Structure formats: structure tokens, C-alpha cells
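Okay, structure first, notes after.
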């Protein structure tokens with residue numbers, strides 16, 4: 026009987042104009058992403074490579090500590106699926122055996138393009154699911170306003186945000202963070218502010234996973250815990266508060282991994298984040314411009330109006346649900362306004378809440394046409410930002426530096442002063458020399474009497490480098506010989522390896538040469554400028570590198 030009723034209901038849903046609107050929205054999302062899906066491939070930022078490396082290391086319990094475990098597992102699973110597909114497709118010569126992960130890493134190391142593109146497509150799928158969840162959240166809160174189109178407009182705002190393009194192509198964790206936050210928020214709304222315990226538990230699970238995916242996701246659990254006390258008061262709401270906090274806290278620790286399995290390392294990295302926030306070159310006030318630009322300029326004022334309207338409304342279930350999102354929106358605004366080094370894509374999980382509150386304000390206007398016109402203006406602003414983002418991404422020559430290495434430095438060693446923005450395999454000789462440098466750094470700390478605990482926290486990058494080399498058997502030919510300032514500090518590199526073999530010095534724009542006085546002297550006396558190339562990093566434009574050749 027239930028089945029016979031479900032089919033007509035499904036057909037009725039499919040016939041609704043809003044359903045066609047959503048399908049059109051999915052098509053737009055796919056078209057926008059496909060237009061840049063291959064930009065900069067394999068990478069367009071300096072830390073993309075470490076994300077994928079974490080996906081291989083996590084299989085051996087050694088995910089880089091700056092990467093949450095759940096994030097590394099997602100990368101790892103996608104990479105193994107890609108490799109297995111290549112095996113069955115006859116694209117690689119190795120089979121599937123006990124050394125599967127290391128074999129996959131060797132294939133990735135040689136050419137990561139297929140792995141990166143697969144992860145970008147996976148991220149697109151996740152964004153489509155998130156869009157559907159955002160629509161359901163908006164429909165739950167806004168109901169049938171504007172004939173159901175208010176909820177579609179909220180989803181459209183998310184799809185048209187340039188942040189979704191940036192996060193999806195860079196394959197940052199923020200797209201997945203939005204998915205978990207959307208699930209957590211939707212389940213919380215379905216729990217009727219905690220009155221239905223099963224939905225509240227489900228919400229807590231995904232809120233914890235969200236925090237484990239990326240730390241600021243944990244704030245959504247905090248905001249909703251506050252909302253429980255707002256709705257029920259301290260006496261009646263404390264039990265629900267404790268349930269949400271306890272379950273989400275547990276799943277945060279499991280998903281993040283290092284708070285449970287390597288707590289000292291986790292604390293060290295969090296303290297490093299605080300230190301970065303105190304950096305003198307990050308000016309207070311810039312975060313507010315980022316907040317306005319990242320949401321679509323005119324969204325925040327409308328969101329603030331929606332928050333005010335929600336807090337003055339009383340007495341209905343709709344008012345209670347709107348009040349929940351007002352608490353969350355206000356919390357996100359206060360959080361982002363306090364972060365000096367704010368990045369727009371960090372707001373991705375908060376954007377749906379901002380958009381719901383903005384549309385709530387507009388759809389509450391007595392003049393329907395004015396509200397619809399304002400919504401259209403917001404969509405136009407967001408669309409213009411996305412078009413510009415696509416143009417910027419497609420215009421940036423992220424692969425210039427890599428192409429130079431492939432063409433001019435295949436058989437000649439070079440040293441990078443700055444971030445290593447190359448996606449190229451190191452050859453056997455380079456691995457051996459890098460291992461010498463890394464081992465020298467480790468031996469220095471032991472000789473200096475640095476305690477085991479201090480060395481464990483300090484030297485995780487060195488241990489990661491050695492483990493990745495071991496996965497390759499410390500052999501890879503043909504490859505390239507290049508070193509960089511961070512993994513092979515110049516003072517150690519000069520004493521252990523020497524500079525005679527270095528034929529090129531590659532200097533990142535704005536790199537402070539006073540940090541490497543020995544190299545600065547070499548640059549002045551023995552090298553000449555030959556070219557400037559763009560490499561991965563630097564946001565929309567890439568990072569500029571000046572190339573100097575030995576005279």
C-alpha cells in the first residue's frame with residue numbers, strides 16, 4: 026500500500042517547477058566546474074601534493090599531522106580506486122598485491138594527473154550532494170515561500186559562489202566540510218531542537234566528523250549546543266547539550282585522528298596556527314573585506330537583517346527554526362570577523378546559513394517583487410564573481426615552472442629558494458642526497474641532546490620524507506634533481522652535499538635572501554638571471570619564480 030502511494034507522490038514531485046529548477050541548477054554546477062576541471066593539473070597550490078601524500082601514508086598510520094585522518098582517508102581511498110582501475114585497464118605494468126599502496130604511490134609519483142582529476146570529479150559529486158542538502162535545509166526553514174522557489178534560490182546562491190569553484194579545483198577539505206555540516210544541521214533541524222533524540226544523535230555524529238575534517242567545523246557543534254540552551258533553557262536543555270557535545274566531541278577525535286593518536290603533535294600544529302594569526306604582516310580589518318567579498322558583497326547586510334528579524338520573532342515553530350539559523354549565522358560572523366588571516370573559502374560551510382537568512386529577510390518583505398528583484402541582484406553578483414574566478418583560474422600559467430624544468434633542467438640540478446612548487450619526481454641521486462641532508466638534521470638534534478618528545482614533535486616532516494622515499498625503494502629513474510629551502514636548508518645542504526652540482530637557482534618572488542646568505546653570495550657571483558616563470562601557489566595568479574643559471 027505504501028509503495029502504491031509513494032510512486033504517485035514521486036511523480037507529483039518530479040512535475041513541480043521547482044524540481045526542474047533544481048535539475049537546471051545541478052546542470053549549471055556541473056558546467057561551471059567542468060570549465061575549470063583540468064586547470065593547473067596536476068596541482069595549483071603548493072600544498073596539494075602533501076594532501077595526496079597523506080592519502081598514501083595514512084594506510085600505514087602515518088598521515089601528515091597537518092592533515093586530519095578523515096581527509097587523508099578520503100584521498101587514500103580515491104587514489105587506490107584510481108590505481109586499481111588503471112591495473113584492470115592495463116595502464117600500469119604492476120598487479121595487485123601486498124605492496125598495493127606503495128605501487129600506487131609510485132604510479133602517482135610518476136604522474137599524479139589521473140589521481141588529481143579523479144579527486145576533483147569526486148569533489149564535484151560531493152558538492153552536488155551538498156547542494157541538495159542545502160535545498161532541503163532551506164525548504165525545512167523557509168517552507169513554501171515564493172512557491173518553494175525561496176529554497177531553490179538559496180541552493181542557487183551556493184552553486185554560484187566562487188568559493189565552491191576554488192575549493193573544488195584545489196580539492197581542499199572545505200567541500201567535504203560543507204557536506205558534513207549540512208548533514209549535521211539538517212539532522213538537527215529534523216530533531217526539532219533536540220526533542221527527537223535519534224535525529225539529535227545523528228546530527229552530533231556528523232558535526233563531530235565535520236570538526237575532524239577541518240577544525241573550524243567544530244564551531245557548528247558549539248553554535249547548535251548554544252541553540253539547545255536557547256530553546257530549552259539551562260535546566261531542561263543541559264542533558265541535550267551534554268549529549269550533543271559528548272557525541273560530537275568523540276567523533277571529532279576519531280575523525281581528526283591526531284587528537285587521539287598523537288595529541289602533542291596536534292597541539293603543536295594548533296599553536297602554530299595561533300602564531301600565524303599573530304604575524305605582523307597580516308593587517309587587522311582585512312578579514313571584513315574578505316567576509317563581504319567571499320559571501321557576495323550584499324549578502325552579509327541582508328543576513329544581518331534576517332538575524333534581527335529572527336530574534337524579534339516569537340511563538341511559532343517556524344520562528345524557532347529561523348532562530349536556530351540566526352544563532353548559527355551570528356556565530357559564524359563573529360568567528361570569521363575575529364580571524365585576521367581569513368580566507369574566503371573557509372566560509373564554505375557557513376555560506377548556506379548566510380544565504381538562508383538573507384532569503385528569509387527578502388521573502389518576508391511585503392513587496393514580493395522587491396524581494397525577488399533583490400534576490401536576482403544577489404544571484405547576479407555571485408554569478409559575476411564565479412565568471413571572474415573561472416577567468417582567473419584559466420588565465421594563470423600554473424605549469425610554467427614545471428614546463429621549464431621538463432625542458433631545460435632534466436639533466437641539471439637546481440635549488441629552489443622558497444616553496445617547492447614543482448610536481449615532478451625526484452631521481453635516485455636526488456633522493457640519496459636529500460636523505461643525507463634529512464639524516465644530518467636528525468643527527469644534529471640527537472647530538473644536541475634534544476629529547477625524544479621534542480624531536481617527535483619537531484621532525485615530522487623529515488620522517489615523512491624518509492617514509493615516502495622508502496615507499497619508492499629510494500629509487501626513481503628517470504627523474505629530476507632538485508632541492509628546496511624548506512626540506513634541504515641551505516646551510517646543511519651546502520655542508521653535506523655542496524653547491525658545485527647546482528646549475529640553476531630558482532628564487533620565489535619576495536623570498537628574503539637574508540635567510541640564506543650563502544646562497545645570496547653565490548647568486549651574486551656565479552649565477553645570471555635567465556627567466557621568470559609561474560608555479561603553483563599564490564592563489565588565482567600563481568607564484569612567480571626567478572630563474573638564475575650558473576655562468
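Numbering (my numbering), first residue to last: 26 to 576. Think of the CB as a built atom: it goes at the ideal place given N, C-alpha and C, for glycine as much as any other residue. Keep in mind it's a predicted model, so treat the numbers as computed, not measured.
Item	Value
Proximity of residue 427 and residue 449 at Cβ, strictly below 8 Å	yes
Three-state secondary structure (DSSP) of residue 567	coil
Residue nearest to residue 515 in terms of C-alpha spacing, selected from 542, 496 and 532	542
Residue 267 beta carbon near the ligand SAH (any heavy atom closer than 7 Å)	You won't find the ligand SAH in this model; it holds no ligand whatsoever.
Inter-stretch contact (C-beta, 8 Å, three-pair minimum) for the region 139-155 and the region 359-370	no
Cβ-Cβ distance between residue 21 and residue 148 below 8 Å	Beyond the ends of the chain as shown, which are 26 and 576, falls residue 21; an answer cannot be given.
Selected residue, minimal CA-CA separation from residue 211, among 451, 439 and 157	157
Nearest candidate by alpha-carbon position, reference residue 530, set 392, 430, 465 and 482	430
Status (buried if at least 16 other CB within 10 Å, exposed otherwise) for residue 520	exposed
Cα-Cα separation between residue 409 and residue 375, rounded to whole angstroms	21 Å
Simplified DSSP assignment, three categories, for residue 531	strand
Residues sharing a beta bridge with residue 553, DSSP	574
Terminal residues of the alpha helix (DSSP H) in which residue 246 lies	243-281
Pairwise C-alpha distance: residue 68 and residue 494	21 Å
Alpha carbon of residue 26 to alpha carbon of residue 244, nearest angstrom	Because residue 26 carries a pLDDT of 45, less than 50, the predicted location of this residue cannot be relied on, and the following value inherits that uncertainty. Taking the straight line joining both Cα atoms gives about 44 Å.
Cβ-based neighbour list, residue 233, same chain, cut-off 6 Å, excluding 5 preceding and 5 following	273, 276 and 277
Through-space distance from residue 155 to residue 200, alpha-carbon basis	8 Å
Residue 80 vs residue 94 beta-carbon contact at 8 Å	no
Residues bridged to residue 509 (per DSSP)	441
Inter-residue Cα distance where the pair is residue 567 and residue 418	9 Å
Span separating the alpha-carbon of residue 556 from that of residue 357	45 Å
CB of residue 552 within 8 Å of CB of residue 574, strictly	yes
For residue 559, the three-state DSSP class (helix, strand or coil)	strand
CA-to-CA distance, residue 84 to residue 128, given in whole angstroms	13 Å
Residues sharing a beta bridge with residue 451, DSSP	505
Start-to-end residues for the alpha helix (DSSP H) that takes in residue 338	Per DSSP, residue 338 belongs to no alpha helix (DSSP H) and is neither H nor E.
CB contact flag (residue 218, residue 345, <8 Å)	yes
Secondary structure of residue 346, DSSP reduced to three states	helix
Closest by C-alpha distance to residue 535, when choosing among 472, 443, 545 and 455	443
Per-residue burial, residue 309 [other beta carbons within 10 Å of its own, 16 or more giving buried]	exposed
Beta-carbon separation (whole angstroms), residue 75 vs residue 89, contact threshold 8 Å	6 Å
Rounded C-alpha distance that separates residue 576 from residue 183	54 Å
Exposed unless 16 or more other CB atoms sit within 10 angstroms - verdict on residue 518	buried
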